[in-house]
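Here is the structure we will look at.
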Amino acid sequence: MKDFSVLKQTVKAGKVADVRRLVDEALGDGTAAEEILNGGLLAAMNEVGQLFKRNEVFVPEVLVAARAMKAGTEVLKPHLVKAGVKAMATAVIGTVKGDLHDIGKNLVSMMLEGSGFAVVDAGVDVAPEKFVSLAKEHSAKVVGLSALLTTTMPSMKGVIEAFRAEGLEVKVIVGGAPVTQAYCDDIGADGYAPDAASAAELAKRLIA
Ligand code: B1M
Numbered sequence: 643m644k645d646f647s648v649l650k651q652t653v654k655a656g657k658v659a660d661v662r663r664l665v666d667e668a669l670g671d672g673t674a675a676e677e678i679l680n681g682g683l684l685a686a687m688n689e690v691g692q693l694f695k696r697n698e699v700f701v702p703e704v705l706v707a708a709r710a711m712k713a714g715t716e717v718l719k720p721h722l723v724k725a726g727v728k729a730m731a732t733a734v735i736g737t738v739k740g741d742l743h744d745i746g747k748n749l750v751s752m753m754l755e756g757s758g759f760a761v762v763d764a765g766v767d768v769a770p771e772k773f774v775s776l777a778k779e780h781s782a783k784v785v786g787l788s789a790l791l792t793t794t795m796p797s798m799k800g801v802i803e804a805f806r807a808e809g810l811e812v813k814v815i816v817g818g819a820p821v822t823q824a825y826c827d828d829i830g831a832d833g834y835a836p837d838a839a840s841a842a843e844l845a846k847r848l849i850a
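Basically our numbering = 1-based index in the sequence shown + 642.
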């Protein structure tokens with residue numbers, strides 16, 4: 643396996659132009675796009691996730707690293723498509739009905755992408771029917787629900803009921819500051835994660 647330490651460091655530092663250049667150079671050296679993706683970009687994002695989990699870096703650092711990772715994946719995209727590399731699975735994510743908070747949801751979305759998922763971001767204030775229709779349309783394996791208000795948490799239950807009523811085989815994961823494992827168990831969600839990095843790990847575990 644090629645040494646991707648410089649690329650990883652550059653992603654973590656959020657240096658967009660340098661990440662693009664390093665990815666280009668690696669492609670020019672004949673390194674496979676998939677190897678650059680997994681060994682460089684996603685590995686860097688995974689390390690950022692772990693640091694974030696341990697409170698060793700904070701939201702701004704995660705956002706700049708995610709932006710750099712995205713810039714690198716854009717350079718890789720045509721090569722990945724040509725090589726037939728597909729995302730591990732699709733995840734639909736959104737903030738539930740009545741709730742406009744999206745910073746945590748966006749972090750979860752980035753961590754999911756950084757873990758190899760194709761992510762469909764439904765946005766904020768998302769009604770149960772919208773989660774269901776997007777999951778159907780994109781054949782999602784995971785649906786992520788975020789809520790930051792105690793008043794909007796009950797909407798999560800509505801989403802789960804809507805999925806169960808349709809008999810769709812998706813794993814529904816929940817999170818957000820007021821959400822707990824006990825609440826997750828209570829509403830019958832498939833999993834709860836306290837932070838963005840754990841959410842991505844949970845999603846991967848659930849579809850393994
Ligand atoms: Co609002 N807000 N807010 N707010 N806001 C809170 C949540 C609040 C705790 C503040 C307070 O009173 N101390 C309080 C909720 C009280 C409660 O319900 N118990 C509150 C309130 C009351 C309100 C309004 C009602 C205020 C008003 O208008 N009177 C209003 C509601 C609007 C609405 O949604 N309908 C409102 C509005 C807003 C702003 C628009 C001003 C803004 C949101 C901007 C935006 O998101 N684009 C805002 C903000 C910024 C906050 C605080 C200050 C910060 C939230 C945040 O982004 N945190 C918040 C107080 C606080 O938390 N200190 C507060 C950072 C983010 C990274 O953390 O989202 O928790 P978080 O995400 C974490 C984890 O929770 C987890 O991973 C993330 C990172 O590791 N996670 C998941 C999140 N989603 C996940 C999903 C998963 C797994 C993990 O699986 C799918």
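Ideal placement from N, C-alpha and C gives every residue a C-beta, glycine not left out.
Given the structure is predicted, the values throughout are model-derived calculations rather than measurements.
At least one heavy atom of the ligand B1M lies less than 6 Å from the C-beta of Ile745. Val750: member of the alpha helix (DSSP H) spanning Ile745 to Gly756, first to last residue.
The stretch 750–770 and the stretch 680–689 touch, with three or more beta-carbon pairs separated by less than 8 Å. In this chain, the alpha helix (DSSP H) harbouring Gly714 covers Val701 to Ala725. In the three-state reduction of the DSSP assignment, Thr793 falls in the coil class, being assigned neither a helical nor a strand state. Under the three-state reduction of DSSP output, Asp666 falls in the helix class. Cα atoms of Leu776 and Val658: separation of roughly 31 Å, rounded to the nearest angstrom.
The DSSP assignment places complete alpha helix (DSSP H) segments of no fewer than 4 residues inside the stretch 774–825 at 796–808, in order along the chain. About 29 Å separates the CB atoms of Ser797 and Gly758; that is not less than 8 Å, and the two are not in contact. With contact defined as three or more Cβ pairs closer than 8 Å, the stretch 805–824 and the stretch 781–797 are in contact.
For the set Ala839, Leu722, Val762 and Asp645, the Cα lying nearest the Cα of Phe694 is the one of Ala839. Linking Ala668 to Leu649 through their CA atoms gives a straight-line distance of about 9 Å. When the five nearest sequence neighbours on each side are left out, the beta carbons in the same chain lying within less than 7 Å of the beta carbon of Ala729 are those of Gly758, Phe759 and Ala760, in order along the chain. Short note on Val701: C-beta closer than 6 Å to some heavy atom of the ligand B1M.
For Val750, the CB falls within less than 6 Å of some heavy atom of the ligand B1M. Contact annotation: Val785 and Val734 have beta-carbon atoms nearer than 7 Å.
Taking the Cβ atoms as the reference, Gly682 lies roughly 4 Å from Phe646, within the contact range of under 8 Å. Proximity of the beta carbon of Gly756 to the ligand B1M is not indicated: no heavy atom of the ligand is located closer than 6 Å.
Counting along the chain, Ala839 sits inside the alpha helix (DSSP H) bounded by residues Ala838 to Ile849.
Straight-line spacing of the CA atoms in Asp666 and Val717 works out to 7 Å. Remark: the shortest separation between the CB of Asp827 and any heavy atom of the ligand B1M does not fall under 6 Å. Placement of the Cβ of Ala729 at a distance of 6 Å or more from every heavy atom of the ligand B1M is found.
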